[in-house]
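Keeping their order, the protein sequence lines are chains D and W.
For the first sequence, position 338 (counting from the first letter as 1) is numbered 338 according to our numbering, and the numbering increases by one without interruption.
For the second sequence, position 365 (counting from the first letter as 1) is numbered 365 according to our numbering, and the numbering increases by one without interruption.
C-beta: ideal position from N, C-alpha, C; glycine also.
Note sheet for the following structure.
Protein chains: 2
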Amino acid sequence: MVPGTAEGDGVRIHAGRLHSRLQDLSRIGSTPEGGVTRLALSIEDRQARKQVVAWALARGFECRRDLAGNLFVVRAGHDREALPVMTGSHLDTQRNGGNLDGVYGVVAGLEVLESLEDEGASTSSDLVLAIWNNEEGVRFAPVTMGSSLWAGKLRLADLATQIGSDGVSLETAIAEDEEEVSGLGAAAFASPFRAYLELHIEQGPVLEAANLPIGIVTGIQGVRQFLFKVSGEAAHAGTTPMVTRKDAFLGALELHSRLRALAIVDDPEVRFTVGRMSMNPGAPNTIPSEVAFTVDFRCPDATKLRERGAAMLNAADRLWAGCSMTVSNLIHSEPVSFADFIMESVRGAARAEGLPFLDLPSGATHDALNAASIGPTGMIFVPSRGGVSHNPKEWTDPEQLAWGCQVLANALRDLDYERGSDGNRSPTA
Amino acid sequence: MVPGTAEGDGVRIHAGRLHSRLQDLSRIGSTPEGGVTRLALSIEDRQARKQVVAWALARGFECRRDLAGNLFVVRAGHDREALPVMTGSHLDTQRNGGNLDGVYGVVAGLEVLESLEDEGASTSSDLVLAIWNNEEGVRFAPVTMGSSLWAGKLRLADLATQIGSDGVSLETAIAEDEEEVSGLGAAAFASPFRAYLELHIEQGPVLEAANLPIGIVTGIQGVRQFLFKVSGEAAHAGTTPMVTRKDAFLGALELHSRLRALAIVDDPEVRFTVGRMSMNPGAPNTIPSEVAFTVDFRCPDATKLRERGAAMLNAADRLWAGCSMTVSNLIHSEPVSFADFIMESVRGAARAEGLPFLDLPSGATHDALNAASIGPTGMIFVPSRGGVSHNPKEWTDPEQLAWGCQVLANALRDLDYERGSDGNRSPTA
């Protein structure tokens, strides 16, 4: 049985339409390697946004846009006073990224709205698909920019003059986009919701290894990102005796080794990555005077993240191979736990399809992190082959994509009805 | 007593003129930090070359130029059939380099020619000052390009279409220079000489630490430069468990540690430097798929250089933290020993001034390395404060600069007379 073929009492999604729309969007910004480059608010991203809006308007859905460039597709419920049920994701990609990261959640969300429309099914609440602007943070920093602005974690005034990687300012890019998708109604920041549920590929190897089609995401692990700068002394590689050197590279290695120990990288909950290192002056025959490197440290346990992160910051107190060191904090994001009633709703949605599932935390950051600061939030994962993402080789079996979409449809309908488990947060409960 | 003030029977150099010319040249390409940027055949370098030629022509010296852009200032001897005695260095610099590296040897060589002229002193051989093109290898690769072409180690046809760091080809740059210093006679490649003696700052800490003004350079240590590329797999820093990663950075660290062991960095003769490292894709939240780094390995002992270098090349045979590795050979330059009779001549020249001296190998590569492949060669070092070079802080006391120049003058005159110690290499001996 695949979604769209079953005889059930619920709304069935249309797998063919889901795949065809994914293919349509994969052609916008496609790369020779089979991936896609669709940086936030670029010509390609604006084209993809316009396409999704066109599909939505063709079905009679209302489309809105906020000042941060987030788009909202609304299928009206019969009680327009009720808090909406939301889903969402993003259309922007990494450079030469994959064809599923972000776009899958958008297309699947639209598919749920359209399937409801096809069958004339009504909901009590509005069902809203959010298309968050600039999740990847490649052209403009930071990551999850649109949803952070929407959730009030950042202020647009602080970011607007930022110059993107192509020399265009954020405010100009947002204005260009506004022209392109003109005529939409305005949407407010931080509007409350009954539930936010985001569907995404796992971008990790856990579901594939467990051979399970659905992941119940328990939360998003915390992230600390640091930039360490080690300062020594430039000197001639041929003339300077080894013992008199202040080699910033050796200082960086000694420090790196200590940081791994402080992070306790053997702890299976911990992720510790050095993804960028730069050396100055960077000549093969010159001892480096400065080496800068990033550390990305993640853990779902708030206490471990806080205590070990603090220990890393304190490493600046001493010399490393005779070199001084400074550290700056790039990102500090606390772990988030998702709402129990949403996880339970997703479990029920999977059970209804006979799909086995697994609870797991999200290793990556998503827009759901920001939604969780406003209201009850959850996520669904589908497997990623080889755990590969941010890469043209990103892949999920089409059938698994369809199952994920069907589970999203079931869960969103389930979340539409009043539930007792969330009395404090949902005014309609 | 300082040079230029003594009553001696030899020619005395003029310290004031030496310093004033160094100051004149330090203004061509000067940087805010007090250094100088005069990349090979750039507007600044061509201006400096033109200035030195103008000084030489004003004294009636003959100036010649070869196809590689090397310049030769000739003060004629009374026996024009005799092999010339040569000195030389370079006017080009590193980016924001110092005010002595190279230019000191050129200005001191000119000062010797002018002092002889001032006093009407005659020599039997022509005395030739070579101004080697592109010693630093910053704008065009490789280092010591001009003297390598002159010595026949490289062919101009293989380099001419090379595009420099500013987008201009080497052949265009050489043509631009030819226009600028037009009207000079042609010079042949690889013309034989009686002796080549180059004066240079040490660019290392040895003479300063020993508190000695003159270094008798015994040779130039050998250099091997490698580029190692470690290939793993890019993956998401937040989602990928530590144990399943193929992290090219960890592979590079494991490899680096092994390479240091193979080089035996505790051996006081050894220099081992990682001066450049690049990481791909270079995002803080992505495990690097490829890390490339250079190793600069030097040793005056040919056997150690060969055997340990070969062991490093063989390290490609295995995996490093699960990552594959390739290595390429950037530079392989055997150690060179300088001619005994030239070293002895320099020792005598220093003794005549009452200057104590020390024998030491050169850690850095110089144009003298290429001259040594053609004929008997030597070098003189003066101290470098703090051993600092390739840096605006490069500094030698003016008095020490003057002493170095006086020793060069004494030695060049000494080398002008027939000597028995070099019967095989010098036809006039």
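Query, Result
"Would you give the residue range spanned by the alpha helix (DSSP H) that R258/W belongs to?", "248-263"
"Here's the rule: buried if 16 or more other CB atoms are within 10 angstroms of the residue's CB, otherwise exposed. What is P32/D?", "exposed"
"Kindly list, in the order they appear in chain D, the residues whose Cβ is closer than 8 Å to that of I462/W.", "There is simply no residue 462/W to check, as chain W begins at 1 and stops at 429 in what is shown."
"Decide if I43/W is buried, meaning its Cβ has at least 16 other Cβ atoms within 10 Å, or exposed.", "exposed"
"Could you list the residues in the segment 321-342 of chain W with a C-beta less than 8 Å from some C-beta on chain D, going in chain order?", "L330"
"Give the interface partners of V388/D over in chain W, defined as CB-CB distance under 9 Å, in chain order.", "E233, A234, A235, H236"
"Might you give, ordered along the chain, the residues of its own chain that have their beta carbon closer than 7 Å to the beta carbon of A433/D, omitting 5 neighbours on each side?", "Outside the shown range of chain D (1 to 429) lies residue 433/D, about which nothing can therefore be said."
"Please list, in chain order, all residues of the same chain as K153/D whose beta carbon is under 7 Å from its beta carbon, the five residues on each side excluded.", "N370, S373"
"Since V85/W is in the beta strand (DSSP E), which residue starts that stretch and which ends it?", "85-90"
"Considering only residues of the segment 193-245 of chain D, which uninterrupted beta strand (DSSP E) runs meet the minimum length of 3 residues and lie entirely inside it, listed in chain order?", "195-201, 214-220, 222-231"
"Check this for me: beta carbons of G378/D and I342/D, under 8 Å apart or not?", "yes"
"Roughly how many angstroms separate the alpha carbons of T161/W and S278/D, rounded to a whole number?", "30 Å"
"Please state whether DSSP places A372/W in a helix, a strand or coil.", "coil"
"Thinking C-beta only, is Y104/D closer than 8 Å to L39/D?", "no"
"What residues in the segment 355-385 of chain D bring their beta carbon closer than 9 Å to a beta carbon of chain W?", "S362, G363, A364, T365, S384"
"Closer than 8 Å between beta carbons: that is the criterion. Which residues of the segment 245-265 of chain W meet it against chain D?", "D247, F249, L253, H256, V265"
"Provide the residue(s) that pair with M379/W in DSSP beta bridges, ordered along the chain.", "E198/W, V217/W"
"Just verifying my parser: in three-state terms, what is the DSSP assignment at T396/D?", "coil"
"Residues of chain D with a CB under 7 Å from the CB of N391/W: which are they?", "A234"
"For the candidate residues R64/W, L212/W, G386/W, Q400/W, whose alpha-carbon lies nearest to that of A187/W?", "R64/W"
"Taking the alpha carbon of D416/D as the point to measure from, which residue in G185/D, W320/D, V85/D, E111/D has its own alpha carbon closest?", "V85/D"
"I need the straight-line Cα distance from Y196/W to G35/D, nearest angstrom please.", "60 Å"
"Bridge partners of D359/W, per DSSP?", "I216/W"
"For the pair the segment 176-186 of chain W and the segment 66-77 of chain W, tell me if three or more CB-CB distances fall below 8 Å.", "yes"
"Thinking K129/D and L113/D are a contact (beta carbons under 8 Å), I'd like their distance in whole angstroms, please.", "According to the sequence as given, residue 129/D is Leu; it is not Lys. L129/D to L113/D, Cβ: 6 Å. Contact."
"Please tell me whether Q400/D has its Cβ less than 8 Å away from any Cβ of chain W.", "no"
"Please determine if the segment 240-258 of chain D and the segment 298-316 of chain W are in contact, where contact requires at least 3 C-beta pairs separated by less than 8 Å.", "no"
"Which residues in the same chain as H236/W place their Cβ atom closer than 8 Å to its Cβ, once the five residues preceding and following it in sequence are excluded?", "N285, T286, I287"
"With C-beta atoms as the reference, is G98/W less than 8 Å away from P392/W?", "yes"
"Measure the alpha-carbon distance for I163/D versus R155/D and round it to whole angstroms.", "16 Å"
"Within this structure, are the beta carbons of V107/D and L18/D separated by less than 8 Å?", "yes"
"Per DSSP, M279/W forms a beta bridge with which residues?", "V291/W"
"List the residues of chain W that E136/D touches, going by C-beta distances under 7 Å, in chain order.", "Correct list: empty, because the minimum Cβ distance to chain W is about 10 Å."
"Using the Cα positions of A173/D and E198/D, report the straight-line distance between them to the nearest angstrom.", "26 Å"
"State the start and end residues of the unbroken alpha helix (DSSP H) segment that holds N329/D.", "Where N329/D is concerned, there is no enclosing alpha helix (DSSP H), although the beta strand (DSSP E) it sits in stretches over 324-333."
"Within 8 Å of any Cβ in chain D, is that where the Cβ of E114/W sits?", "no"
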